[in-house]
Amino acid sequence: MRAIMIQGTASSAGKSLIVAGLCRLAVRRGLAVSPFKPQNMSNNAAACAGGGEIGRAQALQARAAGVPARPDLNPILIKPQSDRTAQLIVRGERHGLLEPGDYVRDRSGLLDVVMDSFNKLVATNDLVIVEGAGSPAETNLRYRDIANMGFALRARVPVCIVGDIDRGGVIASLVGTHAVLDPDDTAMVTGFIINKFRGARRIFEPGIELIEQRTGWRCFGVVPWLPAAARLPSEDAVAFPETVEMASRSSGDPSPLRVAVPQLGRIANHDDLDPLLAEPGVECLLIRPGRPIPRDADVILLPGTKSTIGDLDFCREQGWDHDIIAHARGGGRVFGICGGMQMLGRAVHDPNGVDGPARSVPGFGLLDMETTMADTKIVREASGRCALSGTPVHGYEIHNGRVTGPDLGRPLLHITYGPDGAQSPDGRIGGVHVHGLFNSDGYRRAWLARLGAAADPELEFAAVVEEALDEVASALEAAVDTDALFNAELAR
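Everything in the sequence shown is counted per the numbering used here, starting at 1443 for the first residue and increasing by one.
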């Protein structure tokens, strides 16, 4: 068996990106490789072709490895839907809600599920590259851990720890991680990687030597700051950089299309926005909580959400409901994706408490339709054509809501399972359940054209992602001793 586990000194240290780059690099070397993440906590999910859902980071890593996304790549997925509840997904399927402390107290059987999925991958690949979650230094969570050292120890997989030098304190982070780990866990670590480095490496050599002396771990490499990372989807909305707004404002187009996107409290699948951010003629503004939606926005785009009812409450707390309704009444356009579309209707009903406490709440009333939350979740890929332009589309659905109402008689898509979406009689308000539509170049160009904006005819978003993955892989090949990393063994 060949496997290596990439853990980090903290969340957002760069684990997901490094695993994706290593997967692409392994493919270049002719290896059959698979990513694997025992447990993920994210509302950014992907639908698998054969059914079920996994974290979108693992779907990207699967793409880098040239393998289909499937539930075994991420057998345990936790999707927070409020401050006190989260949805537990086991091998792609919903397994109820977790209350505070439930998951810490009871993980009976979940490690067995994780190991079963891992063993399937080991049996069919030359190399499995495993991603940890958060940090192994969170020793308060070590009891019955299945995400980091608990898995590594059970599976006997060597660990490489990634430290983020950009946030500062990387020496203390790595040495401190070594200091707080139990001896058995420490023995699983074979080395470390310094990530997001800027400047001359020679200046940091004394720091590397100090870490090696204090920990006994070897340095596998120092990875520079990778601009290509900005062209790949981030795992979580909390990682959405403040520079997104600044970067989008730097567009050279004298009159870009202004798309305002409220950052919902439980925003999900926010990488729907990535293709719009790549368009030079689009100014995509992520509106932070506590700030008003700009009055001069051409379009308000309501993204997906893990909790439609919860984010209706959140929008009203921010005063965004008034901004959205005023924008629509003034002739502006509003577009919703999945939960964002459901919020545009007259009401959302949750009689069985699927989305939180059982209740009904009014929507924004901009579409003549209502949503009822069902116990069974729809998780599937979707292909078809745009009902307005006829352009091909491909995406995926992940939602519990079932929508009914007159405005569904004006669908925006004709996909595998029938019509999808709704729009107002004047066409200014609309939405769809399908995520990932803007990745389809023809659909994105036609959507922008209907709004009076010119898309970049040369932009092929799939190629952007592929080129970025290749750039990351090349950078890792130059910066990391990957031969040693791929063949790392535990100390005997």
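Glycine included, every Cβ here is placed at the ideal spot set by N, Cα and C. The structure displayed is predicted, hence computed values, not measured ones.
query	result
My parser needs the beta strand (DSSP E) runs of 3 or more residues fully inside the region 1830–1911; what are they?	1834–1846, 1855–1857, 1860–1862, 1871–1874
Answer yes if the region 1797–1804 comes into contact with the region 1824–1836, meaning at least three C-beta pairs across the two stretches below 8 Å, and no otherwise.	no
Judging by CA-CA distance, which residue of 1640, 1661, 1641, 1642 is the nearest neighbour of residue 1650?	1661
Does the distance from the C-beta atom of residue 1497 to that of residue 1485 stay below 7 Å?	no
Considering only residues of the region 1616–1641, which uninterrupted beta strand (DSSP E) runs meet the minimum length of 3 residues and lie entirely inside it, listed in chain order?	1631–1639
By Cβ distance, which residues of its chain are closer than 8 Å to residue 1752, with the 5 residues on each side in sequence left out?	1523, 1524, 1707, 1708, 1797, 1798
Which whole-angstrom value describes the C-beta separation of residue 1632 and residue 1620, a residue pair presumed to lie in contact below a C-beta threshold of 8 Å?	Residue 1632 to residue 1620, Cβ: 13 Å. No contact.
Of the residues 1713, 1634, 1664, which one's Cα is nearest the Cα of residue 1673?	1713
How far does the alpha helix (DSSP H) with residue 1564 in it reach, from first residue to last?	1552–1566
Quick check on DSSP: helix, strand or coil for residue 1680?	Interpretation of residue 1680 is limited by its pLDDT of 44, a score under 50 that renders its predicted location unreliable; the figure taken from the coordinates is listed afterwards. In the structure shown, residue 1680 sits in a helix (DSSP, three-state: H, G or I).
Straight-line CA distance for residue 1766 to residue 1756?	13 Å
Nearest to residue 1823 by alpha carbon, out of 1841, 1483, 1594, 1815?	1841
What do you reckon, is the C-beta of residue 1586 under 6 Å from a heavy atom of the ligand ADP?	This structure lacks the ligand ADP, and indeed carries no ligand of any kind.
Spell out the partners DSSP gives residue 1712 in its beta bridges.	Its beta-bridge partners do not exist; DSSP assigns none.
According to DSSP, is residue 1797 helix, strand or coil?	coil
When you compare the CB positions of residue 1843 and residue 1854, do they come within less than 7 Å of one another, or not?	no
Give the secondary structure of residue 1828 by DSSP, where H, G and I count as helix, E and B as strand, and everything else as coil.	strand
In the structure shown, what three-state DSSP assignment does residue 1736 receive?	coil
If I follow the unbroken alpha helix (DSSP H) through residue 1752, where does it start and stop?	1750–1760
Helix, strand or coil for residue 1693, going by three-state DSSP, please let me know.	In this predicted model, residue 1693 has a pLDDT of only 48, less than 50, meaning its place in the structure is not dependable enough to derive any value.
Starting from residue 1593 and walking both ways along the alpha helix (DSSP H), at which residues does that stretch end?	1591–1597
Do the region 1584–1595 and the region 1552–1571 meet, that is, are 3 or more Cβ pairs less than 8 Å apart?	yes
Considering only their Cβ atoms, is the gap separating residue 1510 from residue 1528 smaller than 7 Å?	no
Under 8 Å: do the region 1783–1794 and the region 1815–1822 share three or more Cβ pairs, one atom per stretch?	yes
Can you tell me which of the three DSSP states residue 1806 falls into?	coil
For residue 1779 versus residue 1745, is the C-beta distance shorter than 7 Å?	yes
Determine, using beta carbons only, whether residue 1463 and residue 1914 come nearer to each other than 7 Å.	yes
Can you check which of these residues, 1540, 1719, 1754, 1703, is closest to residue 1739 by C-alpha distance?	1703
With burial defined as no fewer than 16 other Cβ atoms inside 10 Å of the residue's Cβ, what is the status of residue 1655: buried or exposed?	exposed
Using only CA atoms, which one of 1537, 1512, 1897, 1909 lies nearest to residue 1563?	1512
For residue 1718, tell me which candidate among 1909, 1700, 1576, 1729 has the shortest Cα-Cα distance.	1700
Between residue 1541 and residue 1494, which are expected to be in contact by the criterion C-beta below 8 Å, what is the C-beta distance as a whole number of angstroms?	At roughly 24 Å, the Cβ-Cβ gap does not stay under 8 Å, so residue 1541 and residue 1494 are not in contact.
Residue 1893 to residue 1579, Cα distance in whole Å?	49 Å
Are the CB atoms of residue 1764 and residue 1742 nearer to each other than 7 Å?	no
Between the C-alpha atoms of residue 1615 and residue 1716, what's the straight-line distance to the nearest angstrom?	32 Å
Going by C-alpha distance, which of 1856, 1896, 1902, 1783 is nearest residue 1847?	1783
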